[in-house]
Amino acid sequence: MTADQAVTLIGERFPEAQVERGAPDRPGDPLVVSLRLDQWVPFAQVAKDALGCRFFAFSTAVDWKEQGLDVIARVDNLDDRVSVLMKTRLAAGASSCPSLAPVYRGADWMERECYDMFGIRFEGHPDLRRILLSDDWEGHPLLKSYAVDTPHPPYR
0 MTADQAVTLI GERFPEAQVE RGAPDRPGDP LVVSLRLDQW VPFAQVAKDA
50 LGCRFFAFST AVDWKEQGLD VIARVDNLDD RVSVLMKTRL AAGASSCPSL
100 APVYRGADWM ERECYDMFGI RFEGHPDLRR ILLSDDWEGH PLLKSYAVDT
150 PHPPYR
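See below:
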């Protein structure tokens, strides 16, 4: 599977998705695929099965404040050197996203981290609970609405 073949396959199966390619002089750049929320898990399954992206590299989020949260995940086909950066946007005030853990086991702890830091609830996650902060911690520190001077118990 080449990057060109991957772009073609993505365009055929997900015509609404926006695909951006890296600069031609940087062949290692991932394909950036922006998806609707309802395409998140189906695209991940296609990336794993049809594109050969079996390695789950990471998952994170970005808080755009009024525009909502972006959920981002990178998956790689290590044999063919094809990387895909998946992005989806949660509407402002929304904090729920389908979990990729049923497709990629490596998504488990990374989604727990996003839940802990950003408050994103991953629907269908097998064990969604805090992973970095104590259970009595209030709020989600990486949200822009989280005040820097918020009092909290000492980190344990």
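Take 0 as the starting number for the sequence shown in numbering that gives the first Met the number 0 and just add one per residue. We treat Cβ as the ideally placed atom computed from N, Cα and C, and that holds for glycine.
Y114 is the residue among G21, L50, H124 and Y114 whose C-alpha sits nearest the C-alpha of L68.
Contact between V40 and L99 holds, with the beta-carbon distance rounding to 7 Å and staying under 8 Å. For P29, the closest of A2, V45 and A16 by C-alpha to C-alpha distance is A2. In the structure shown, R120 adopts extended strand secondary structure according to DSSP, grouped into three states. Rounded to the nearest whole angstrom, the CA to CA distance from V81 to G27 is 8 Å. Rounded to whole angstroms, the separation of the alpha carbons of R129 and R104 is 18 Å. For D78, same chain residues with a beta-carbon under 8 Å away, outside a window of 5 residues either side, are G51 in chain order. Within the DSSP bridge table, the entry for K86 names S33 and I71 as partners.
Note: E19 is bridge-paired with V31 in the DSSP secondary-structure output. At the C-beta level, T87 and R35 come within 8 Å of one another. Using a Cβ distance threshold of 8 Å, D62 and F121 do not count as a contacting pair. Taking 8 Å as the cut-off, the beta carbon of C96 is found closer than this to the beta carbon of I119. Straight through space, the alpha carbons of A93 and R111 are spaced by roughly 17 Å.
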